[in-house]
Structures are given as C-alpha cells and as structure tokens.
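Numbering (this note's numbering), first residue to last: 1382 to 1772.
Backbone N, C-alpha and C fix where the C-beta goes; we use that ideal spot for every residue, glycine too.
As the structure is a computational prediction, the values presented were derived from the model and not from experiment.
Take a look at the structure:
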C-alpha cells in the first residue's frame, strides 16, 4: 500500500509530528463527497418543491430556473409574466386554466378569466385578504391557526366598520363638492389645459388624484387642501409601493436598496400621518372640519355664492351625484379598468375557520396554506367582454 509520510514542526514543544496518509483512498473519498454535495445542492437549490406538484393535482405548475427562489419574474415583471403563461386576454391565445407557482416558501395558485374561479375567489369565506397581502407584499409570515385567524377576522371587522362609516352615502355627498374641487385643481395643473390644448397621461393624472381623494375621504380631509402636503405623502406611498420587489419582500434583513427604501418611506409616511393625527387630537378638530369652515366663512359676495353652491351640492344624494354625471363616472371606471392589470391575493385558511368549506379551483380543492392570485387584467382586457379592450 502506497503511503505518504509528512513531518510537521510542533509549535508548542518543538517535537516533530509525522502523519501517514493512505493516498490510494483519496479519489474514492473525493468522489463520495462530490456526490453528496451535488445531491444536497440539487435538493436545496435546484429541485422543484413538492408543493409545486401535489400528488394528483391537475393544476399545471410553472417551474423556475431557481426553485430555491421561485418565480422571481412574478415580481420583476408581473404583467409580462402573466401574459407569458396565460396568453394575451385580448387575443384568441388566452386561456383561463389555473397555474401553480412558488415564490420563496409560498405556493400561489394563479387564476385568470374563469367565471367560477373568480366567484370563488371573491366570495369564499375560507379565503383571507389581510394575511395574503402581509405575506406576498410585506414578507410577514401568515399564521393560519384558529386563534390567529379569529383575531385577524376581528381586526378586519373593526376596520370594515370604520371604513363603512367613512364612506357612507351622506358623508360622501357632503364631501362631493370638495372632491370636485380636487379634480378641478388637478386639471388646472395640467399645462395648457385651460386653453383647451392640454393633454394628459391618464395614469399619471388619475393615481395622484385618487390618492388625494382617498386622503380626503378616509384620511385627513384638511391635509388634502394643501397640494404640497398631498404630493409629499403620495411620494412616500409610491416610493414604498415601487420598492416592493421580490428581494425587499422576502429578504427584508439583507442590505438591498429596495429594502432600505421601502422601510425608510414607510417610516416617513407613518410619522407624517401620526403627526397629523396627534395634532387633530390635541386641537379637538371635528371630522368634517374643512366643510364646516366653508359654510361658516360665507361673509362677502364671493363666499355667499360659494356657500350657496356648496349647500346645494351637499343637498344632493349620492345616487343623484352618480346619475347626474354619467360621463365622468364612465370615464373614471374606464380609466381604472385600463390601469388595473395586476393581481389580487387571498390566503386559504382552510379548516382554521369554522363553518367554511374548502375552496375549489376547476373542481380541485385548494390546499390549506396555499395562496390564490387572481389576474385582474384577464377580465379588464378580455376580448370576450370588451369589443376593443385597449380603448
């Protein structure tokens, strides 16, 4: 047997140390370690997770080149990713068959265009809204224990009740004149609009306006009177939203630029709104303080006319507002339709919620803990629904 003797200097006492190694066993040991390392690398990094192909499932999986990460393209170019795998909804190549993907440790069943799937997605009590967005937009783990689901349901119920109060018909009718003013102010900011020559990008115009209207309706109405404040708050919001990439969502502790930008923007937005809320509390301001000021300051001729108009408009019901401006309503709906081409999410809480049946996709039960994603563009740009979806 061939051996190799090496002599080393023992640093501690100066005594020589001899090591006899069996050289003939090295190739076998190296080969064994290589096989083990290769299998481990394949299993941990390259092998598709079992959740992507559950036994007996007819839902086709979408494989990723990097299974350890999952479908990164679903975050980097969501619309392109969906159209690649479902086809263009405007064309005959489109299909509504469900697909299953993974994003990190989350399994998502994608739905597109199928009416039964859409009905299940929006009406199933087993599907949870908040937990889905917490995980897929913020990377926060979703608990689906009975206690966790019940606690979140209570929080959601409280939020919904407060939201209903904020957008109740009589309150919206009161705010309608101010919302109209917000719209006029936004139009006046478009170059040459008053001269009848202006043009606008509907997306660039509508989203800031919707943010302003949302602030006035469910946030701080008085802040919406200052375009600079609205622009500042909207900047924080959009910066946080635009930074919601795959890496900032699932690798929040790593020093990615999008992660730090998302966190920083979120803190600034929270601080600004918190400051406004505290000021409102200290000054004991009433809910519709801006409307009250408009009515109370009707002193000179201009304000008398203004007050009269405000009172007349506030006397209208919400139905009268909607029926009286059909063109504006249609324009808003179409603008939202053309710009909404993304995905909405739900989490299947399964048997964690008592009295709910398991949701089914094309006759197949969705597994507990799986997420669902409905491709809104599959409806908004469907040529079977709209004769010319892009107009």
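Three-way DSSP call (helix, strand, coil) for residue i in this model
{"i": "residue 1741", "result": "strand"}
{"i": "residue 1524", "result": "coil"}
{"i": "residue 1767", "result": "coil"}
{"i": "residue 1623", "result": "helix"}
{"i": "residue 1633", "result": "coil"}
{"i": "residue 1408", "result": "helix"}
{"i": "residue 1608", "result": "helix"}
{"i": "residue 1773", "result": "In the structure displayed, the chain extends from 1382 to 1772; residue 1773 sits before or after that span and is not available."}
{"i": "residue 1762", "result": "coil"}
{"i": "residue 1772", "result": "coil"}
{"i": "residue 1712", "result": "helix"}
{"i": "residue 1653", "result": "helix"}
{"i": "residue 1730", "result": "coil"}
{"i": "residue 1674", "result": "With a pLDDT of 37 at residue 1674, under the threshold of 50, the predicted position of this residue should be treated as unreliable, and no value is reported."}
Residue i - partner residues in DSSP beta bridges
{"i": "residue 1755", "result": "1492 and 1725"}
{"i": "residue 1746", "result": "1741"}
Assumed close pair residue i, residue j - CB separation to whole angstroms, cut-off 8 angstroms
{"i": "residue 1752", "j": "residue 1488", "result": "7 angstroms"}
{"i": "residue 1643", "j": "residue 1658", "result": "Not confirmed; about 22 angstroms, so no contact."}
{"i": "residue 1726", "j": "residue 1513", "result": "4 angstroms"}
{"i": "residue 1663", "j": "residue 1490", "result": "Wrong, their Cβ atoms sit about 49 angstroms apart, outside the cutoff."}
{"i": "residue 1433", "j": "residue 1481", "result": "6 angstroms"}
{"i": "residue 1525", "j": "residue 1749", "result": "7 angstroms"}
{"i": "residue 1509", "j": "residue 1730", "result": "5 angstroms"}
{"i": "residue 1633", "j": "residue 1459", "result": "Their Cβ separation, rounded to whole angstroms, is 20 angstroms, which puts residue 1633 and residue 1459 out of contact at 8 angstroms."}
{"i": "residue 1614", "j": "residue 1653", "result": "6 angstroms"}
{"i": "residue 1596", "j": "residue 1604", "result": "6 angstroms"}
{"i": "residue 1438", "j": "residue 1745", "result": "6 angstroms"}
{"i": "residue 1478", "j": "residue 1441", "result": "7 angstroms"}
{"i": "residue 1468", "j": "residue 1760", "result": "In fact, because the Cβ distance is near 14 angstroms, the residues do not count as touching under 8 angstroms."}
{"i": "residue 1587", "j": "residue 1720", "result": "7 angstroms"}
{"i": "residue 1483", "j": "residue 1451", "result": "4 angstroms"}
{"i": "residue 1627", "j": "residue 1457", "result": "6 angstroms"}
Residue i, buried or exposed, once every other Cβ within 10 Å from all chains shown has been counted against 16
{"i": "residue 1758", "result": "buried"}
{"i": "residue 1621", "result": "buried"}
{"i": "residue 1463", "result": "buried"}
{"i": "residue 1599", "result": "exposed"}
{"i": "residue 1517", "result": "buried"}
{"i": "residue 1455", "result": "buried"}
{"i": "residue 1558", "result": "buried"}
{"i": "residue 1501", "result": "buried"}
{"i": "residue 1444", "result": "exposed"}
{"i": "residue 1521", "result": "exposed"}
{"i": "residue 1530", "result": "buried"}
{"i": "residue 1410", "result": "exposed"}
{"i": "residue 1413", "result": "exposed"}
{"i": "residue 1415", "result": "exposed"}
{"i": "residue 1447", "result": "exposed"}
{"i": "residue 1590", "result": "buried"}
{"i": "residue 1583", "result": "exposed"}
{"i": "residue 1544", "result": "exposed"}
{"i": "residue 1635", "result": "exposed"}
{"i": "residue 1765", "result": "exposed"}
{"i": "residue 1567", "result": "buried"}
{"i": "residue 1546", "result": "exposed"}
{"i": "residue 1474", "result": "exposed"}
{"i": "residue 1755", "result": "buried"}
{"i": "residue 1771", "result": "exposed"}
{"i": "residue 1507", "result": "buried"}
{"i": "residue 1617", "result": "buried"}
C-beta neighbour in chain C for residue i, strict 8 angstroms
{"i": "residue 1521", "result": "Any reference to chain C falls outside this structure, which holds one protein chain only."}
**Study point:** Every unbroken beta strand (DSSP E) inside the region 1442 to 1522 [3 residues or more]
**Key:** 1480 to 1484 and 1487 to 1492
Check your understanding: Which runs of the beta strand (DSSP E) fall wholly inside the region 1539 to 1601 and span at least 3 residues, in chain order?
Key -> none
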